[in-house]
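Chain order of the listed sequences is A and B. Take 313 as the starting number for the first sequence in the working numbering and just add one per residue. Take 313 as the starting number for the second sequence in the working numbering and just add one per residue. What follows is a set of notes on a single structure, which appears directly below.
Protein chains: 2
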Amino acid sequence: MADILHRIGVKSASLDDVYDALTTVEGLSGWWATDMRGETEVGGVLQFRFLPGGFDMKILELHPAKHVLWEVVDGPEEWIGTRVSWDLKQEDDFTIVLFKHEGWREPVEFMYHCSTKWATFLMSLKTLVETGTGAPEPHDVKISNWH
Amino acid sequence: MADILHRIGVKSASLDDVYDALTTVEGLSGWWATDMRGETEVGGVLQFRFLPGGFDMKILELHPAKHVLWEVVDGPEEWIGTRVSWDLKQEDDFTIVLFKHEGWREPVEFMYHCSTKWATFLMSLKTLVETGTGAPEPHDVKISNWH
Chain A
313 MADILHRIGV KSASLDDVYD ALTTVEGLSG WWATDMRGET EVGGVLQFRF LPGGFDMKIL
373 ELHPAKHVLW EVVDGPEEWI GTRVSWDLKQ EDDFTIVLFK HEGWREPVEF MYHCSTKWAT
433 FLMSLKTLVE TGTGAPEPHD VKISNWH
Chain B
313 MADILHRIGV KSASLDDVYD ALTTVEGLSG WWATDMRGET EVGGVLQFRF LPGGFDMKIL
373 ELHPAKHVLW EVVDGPEEWI GTRVSWDLKQ EDDFTIVLFK HEGWREPVEF MYHCSTKWAT
433 FLMSLKTLVE TGTGAPEPHD VKISNWH
């Protein structure tokens, strides 16, 4: 099993602001995928659609201002059954986001790609909360021939 | 053991251009650390200096236009003994870089930070080769209270 890990700090933002960006349609469509819908309660499924395909995330846990846990229930074969967790805490003047996409069966080349891509989307989340404007798909930062 | 993985594609660049950015003082100081010196042959040690400290990388392998392998011989305690590998290949109109920072003993919070930070430095490498200007420290993208 292999995991993708990331850490960012959102400056001058409250835990609630960052939590909202991870748990509302308005927030999630502002930094990850413009084409996004779904039920935002525990047990609900969030549907993110990208040009090449999409991801369906079942919400397993929601602890306001603290923790969010999703399970991938549809999408690329390598993603299905993996989990995405978000942990929030305050440090200095920052809300720190600890991100983990865990449970990859093999460190395939697609995992290398997704690791870098997650980093750029996390920077999009940071920018969204700090400035009001993120870079969700299709306005996302392109990193390679795989977009 | 835990690894950081990343993948980028450098558009309209040759394998040699990207290899040069990974193996010369001019290249490495153009995307990672402005304050950088060292011996660039196998067995040499590259010294990268950042505001909070630095990293010394011993060059273990150099296969032109293909593969570079470093071992961290000095720096943060969590980094010492880990290895950084770079694999290059051509795909479509891109030179693909597969990056691995392997052998972390534990997935500590600093590893989460370094994973995101490596992603931003890889984007700096991409921009350097594509445009002639990267964003090496101290001009690097700040991602959190840890810089």
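Glycine residues also receive a C-beta, built at the ideal position from the N, C-alpha and C atoms. Computed from a prediction, not measured in an experiment: that's the story for all the values here.
Check, Outcome
"Own chain residues within Cβ distance below 6 Å of Phe433 (chain A), not counting five before or after", "Trp344"
"Test item: CB-CB of Ser436 (chain B) and Gly321 (chain A) under 7 Å", "no"
"Any 3 or more C-beta pairs closer than 8 Å across the region 441-454 of chain A and the region 388-397 of chain A", "no"
"Pair within 7 Å by beta-carbon distance, His334 (chain A) and Val354 (chain A)", "The sequence shown places Leu at residue 334 (chain A), not His. No, these two residues do not count as a Cβ contact at 7 Å."
"Met313 (chain A) classed as buried or exposed, judged by whether at least 16 other C-beta atoms fall within 10 angstroms", "exposed"
"CB contact check: Asp404 (chain B) to chain E, cutoff 7 Å", "Among the protein chains in the structure shown, which are A and B, there is no chain E."
"DSSP-derived helix/strand/coil call for Leu404 (chain B)", "First, the amino acid is wrong: residue 404 (chain B) is Asp here, not Leu. It is coil, neither helix nor strand."
"Which of helix, strand or coil DSSP assigns to Met423 (chain B)", "helix"
"Per DSSP, cross-strand counterpart(s) of Glu373 (chain A)", "A:Leu381"
"Beta-carbon proximity check, Lys412 (chain A) vs Leu340 (chain A), cutoff 7 Å", "no"
"Rounded separation between Glu449 (chain A) and Asp368 (chain A) - CA only", "16 Å"
"Cross-chain neighbours of Glu421 (chain A) in chain B, by beta carbon under 8 Å", "Arg319 and Leu410"
"Cα-Cα separation, Pro388 (chain A) to His451 (chain A)", "21 Å"
"Boundaries of the alpha helix (DSSP H) in which Gly342 (chain A) is found, first to last residue", "Val337 to Trp343"
"Contact list for the region 442-457 of chain A against chain B, Cβ threshold 8 Å", "Val453, Ile455, Ser456 and Asn457"
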